[in-house]
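Engineer: Residue numbering for the sequence shown is 66 to 301, as defined by the working numbering. Ideal Cβ positions, reconstructed from N, Cα and C, are used throughout, including at glycine. The following block contains the structure, expressed as structure tokens.
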Amino acid sequence: MSVLVYVNGLSSACSLAAEKSWTVSKVKKAVEAESGVPAREQRLLFQQVEPRNLDRLENIHDGDVIDFTCIRREAEQAKWLELAAEDDDGEFLRSAPPHIQADREVVQAAIMRNGIALQYASEALQADKELVLLAIAEDASAFDFAASSLFADRDVMLAAVRRNGAALQYAVEELREDRELVLSAVERDGMSLRYASERLRADREIVMTAVDENPEALAFAPAELRQDEDVLARAR
66 MSVLVYVNGL SSACSLAAEK SWTVSKVKKA VEAESGVPAR EQRLLFQQVE
116 PRNLDRLENI HDGDVIDFTC IRREAEQAKW LELAAEDDDG EFLRSAPPHI
166 QADREVVQAA IMRNGIALQY ASEALQADKE LVLLAIAEDA SAFDFAASSL
216 FADRDVMLAA VRRNGAALQY AVEELREDRE LVLSAVERDG MSLRYASERL
266 RADREIVMTA VDENPEALAF APAELRQDED VLARAR
């Protein structure tokens with residue numbers, strides 16, 4: 066089925082006869098042919114929301130006319146975003162100039178493909194909570210490159226220990242007292258019990274959970290729990 070696409074925001078309005086099965090990427094290529102604006106420099110917004118390149122027109126709007134607003138990226142940023150889409154390991158950021166390593170959109174594109182690329186981001190972006198959470202979700206090791214200021218952020222630390230329990234060692238003292246956070250850590254890595262507060266190392270449920278994951282975690286429990294028959298049975 067056909068659809069009429071209007072693109073505003075260019076030097077002159079652009080209209081295209083398209084198929085509803087077209088992707089946004091195909092629309093951009095058609096706009097490039099019509100206007101000369103490179104596809105990689107186009108940001109097409111529908112009702113103030115930017116759909117993904119692979120989204121089909123039929124899933125964006127079910128009418129026969131679609132109005133897009135085009136915001137043109139700077140050519141340099143567009144080039145680096147294209148590199149991000151092609152580079153699976155994010156290594157391109159290593160050689161990027163400082164202002165690109167500080168470009169939030171470019172860095173986000175890189176860490177969505179490989180969270181470890183966070184290591185090449187600017188210090189300010191390594192302290193960006195949203196970006197760090199995205200990086201950790203992609204690769205738990207990305208937490209190694211997060212700013213220390215986030216070690217006091219419960220959301221970040223909870224996300225980190227759920228991927229790698231040993232990340233508990235970086236949590237501020239207050240969060241090592243957080244029962245949910247510590248329980249999440251020992252579920253992932255029993256040996257992270259060593260990083261819990263003294264009070265929570267004496268928490269029977271937490272100790273049993275840690276021992277279930279790794280019997281050697283019993284060494285970090287207080288004497289009374291190391292002699293508890295039920296706990297000992299879990300450790301055998």
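1) If you check the beta carbons only, do D132 and N73 fall under 8 Å apart?
2) Check whether the Cβ atoms of L199 and I176 lie closer than 8 Å to each other.
3) If you follow the beta strand (DSSP E) that L109 is in, where does it begin and where does it stop?
4) In three-state DSSP terms, what is N124?
5) CB Q107 to CB K93, shorter than 8 Å?
6) Taking L69 as the reference, which of A82, R299, L75, S77 has the closest Cα?
7) Using 8 Å as the cut-off, can you tell me whether the region 218–230 makes contact with the region 241–254, which would need three or more C-beta pairs spanning the two stretches below that distance?
8) Which whole-angstrom value describes the C-beta separation of W145 and A161, a residue pair presumed to lie in contact below a C-beta threshold of 8 Å?
9) Secondary structure at D295, three-state DSSP: helix, strand or coil?
10) Roughly how many whole angstroms lie between the Cα atoms of A231 and T274?
11) Give a yes or no on whether the C-beta atoms belonging to A300 and V276 are separated by under 8 Å.
12) Per DSSP, what are the beta-bridge partners of V171 in this structure?
13) From V96 to L240, what does the alpha carbon distance come to, in whole angstroms?
14) Just mark A149 as buried or exposed, buried being the case when its beta carbon has 16 or more other beta carbons within 10 Å.
15) Tell me the rounded alpha-carbon separation between E242 and L215.
Structural biologist: Taking the structure as given:
1) For D132 and N73, yes; Cβs fall inside 8 Å.
2) In this structure, L199 places its C-beta atom within 8 Å of the C-beta atom of I176.
3) Residues 107–110.
4) It is helical.
5) Contact flag set, yes.
6) Among A82, R299, L75, S77, the Cα nearest to that of L69 belongs to A82.
7) Cβ pair count under 8 Å is three or more, so yes.
8) With a Cβ gap of about 6 Å, W145 and A161 count as contacting.
9) Note: D295 maps to helix in three-state DSSP.
10) One C-alpha to the other measures close to 15 Å.
11) Cβ distance < 8 Å, so A300 and V276 count as in contact.
12) Answer is none; V171 lacks a bridge partner.
13) One C-alpha to the other measures close to 52 Å.
14) Counting other Cβ atoms within 10 Å of its Cβ, A149 reaches 16 or more and is therefore classed as buried.
15) If you draw a straight line from the Cα of E242 to the Cα of L215, it is about 17 Å long.
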